[in-house]
């Protein structure tokens, strides 16, 4: 009997490791029933705010080739109305992108090159939705991994899978993928205050590879309509 | 690429702010301003930046320090909410930003764009507003004097509608406010404090980020 070549054995071993790694997500999954499993559904929804909030983040973006940029991001989330409003700006305050997503409707209030492409607006608001808005698909599956991590599995609109993983220390991770070997997005949240993460690592795999590191500057509940200015500020007497 | 465009816009904005700061509160005409600009050799100041957006109920505040040395050396440094340092010195333009890897130089490759900014600085620092290829300057009188800069180019106009500079009536060389208007309800207001003029500034301030 012929011995396998070392390269072939390494390939086999590598494949086995990948398979084992992917098996870490294997758990006995149970479809949740809103009538009887509300507690578990609440756990699955714990990464998301339940009431309108405003977040301000410093965003460090890194793209393939090592290019990077740091920006400020403001996002208002209204989960009840399914509304997201997001503004990206330079550290000097110049607005690069201002977009709003209202259910399935996307509107761009302002976008300057190179943020003025329609695909950018759609991809960005999709990312914002993934990060801030609980998945809309009903009846997720639920399971518990060996390390105690709670896994909630949702089906996306375009056939992708969305996993929400709540670790025993309450930090969380969101993954979307077509198959375990075709990842789309990966979000890891840490440094939680209440349920709000101070640090978010966001990895995008399509259409290009990019990394976002979000550091929380402020988070506050929103009540009523925002007003653009405060009394006296228009007179430049701050 | 995103970084190239962003850095150009950021630098241009910073340059506008810095030079406007140094030139206000002087003469009554452009000729007076040009003549008076020769008096200022250096500027040191602290600043607070108030970003107003419709999406915000109160402005987003950034703070930092600013240094200028004639003819064209600038340090524009944010300390909060994100540490960031822009250095312009002897024709070189660099930007450092605090991130997950510490304070690192931006990998932008936008040097050609930066050269444009430096050329603008050269003009403005000599009070030659009206000679700029990028901005149209208007001097308004009345109850409150105001310098208004309007972009000449469509590309810049897409970013900034106008810049309003209100000079101090109390202190020569000081300003009341700089307001950069992008659109209705979206503007940036700058307030400078602890302004010191014509004090010696070490060259390293413009050369080293640390």
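Protein chains in written order, with this note's numbering: chain C, 64 to 301; chain R, 245 to 454. Heads up, the beta-carbon is just placed ideally off N, CA and C, and yes, glycines get one too.
Discussion item. Tell me the residue span of the beta strand (DSSP E) that contains residue 289(R).
Written reply: 286–296
Worksheet item: Could one say the Cβ of residue 205(C) lies closer than 7 Å to chain A's Cβ atoms, at least one of them?
Response: Here the protein chains are C and R, and chain A is not one of them.
Worksheet item: Would a check of beta-carbon distances place residue 394(R) closer than 7 Å to chain C?
Response: no
Item to complete: For residue 173(C), go through chain R and note every residue whose CB falls closer than 7 Å to its CB, in chain order.
Response: 427
Discussion item. Can you pull the chain C neighbours of residue 322(R), defined as C-beta to C-beta under 7 Å?
Written reply: 154
Worksheet item: By DSSP, does residue 232(C) sit in helix, in strand, or in coil?
Response: Residue 232(C) falls in the coil class under three-state DSSP.
Worksheet item: Can you tell me whether DSSP reads residue 442(R) as helix, strand or coil?
Response: Of the three classes helix, strand and coil, the one that applies to residue 442(R) here is coil, per DSSP.
Practice prompt. Under the assumption that residue 438(R) contacts residue 289(R) (Cβ atoms under 8 Å), give the Cβ distance between them as a whole number of angstroms.
Written response: 6 Å
Discussion item. Just to confirm my understanding: we take residue 166(C), look at its own chain, exclude 5 residues before and 5 after, and list those with CB closer than 7 Å. What are they?
Written reply: 145
Fill in: Per DSSP, cross-strand counterpart(s) of residue 313(R)
286(R) and 317(R)
Worksheet item: Of the residues 388(R), 349(R), 381(R) and 284(R), which one's Cα is nearest the Cα of residue 395(R)?
Response: 381(R)
Discussion item. Bridge partners for residue 217(C) per DSSP, in chain order?
Written reply: 225(C)
Worksheet entry | Between the CA atoms of residue 116(C) and residue 183(C) - distance to the nearest angstrom | 24 Å
Practice prompt. Could you say if the stretch 309–318 of chain R and the stretch 168–176 of chain C meet the contact criterion of at least three C-beta pairs nearer than 8 Å?
Written response: no
Fill in: Where residue 507(R) meets chain C, residues with beta-carbon distance less than 9 Å
Examination of residue 507(R) is not possible in this model, given that chain R is present from 245 through 454 alone.
Discussion item. As a quick exercise: from 204(C), 143(C) and 149(C), pick the residue whose alpha carbon is nearest that of residue 219(C).
Written reply: 204(C)
Item to complete: Evaluate the contact criterion for the stretch 133–153 of chain C versus the stretch 181–197 of chain C: three or more CB pairs, one atom per stretch, below 8 Å.
Response: yes
Practice prompt. Report the neighbours of residue 377(R) on chain C: residues whose CB is nearer than 7 Å to its CB, in chain order.
Written response: Result: empty, since nearest Cβ-Cβ is about 20 Å, beyond 7 Å.
Worksheet item: So who's on the other strand from residue 279(C), going by DSSP bridges?
Response: 120(C)
Practice prompt. Run down chain R in chain order and give the residues with a C-beta less than 9 Å from the C-beta of residue 200(C).
Written response: The contacting residues do not exist; residue 200(C) stays about 28 Å from chain R at best.
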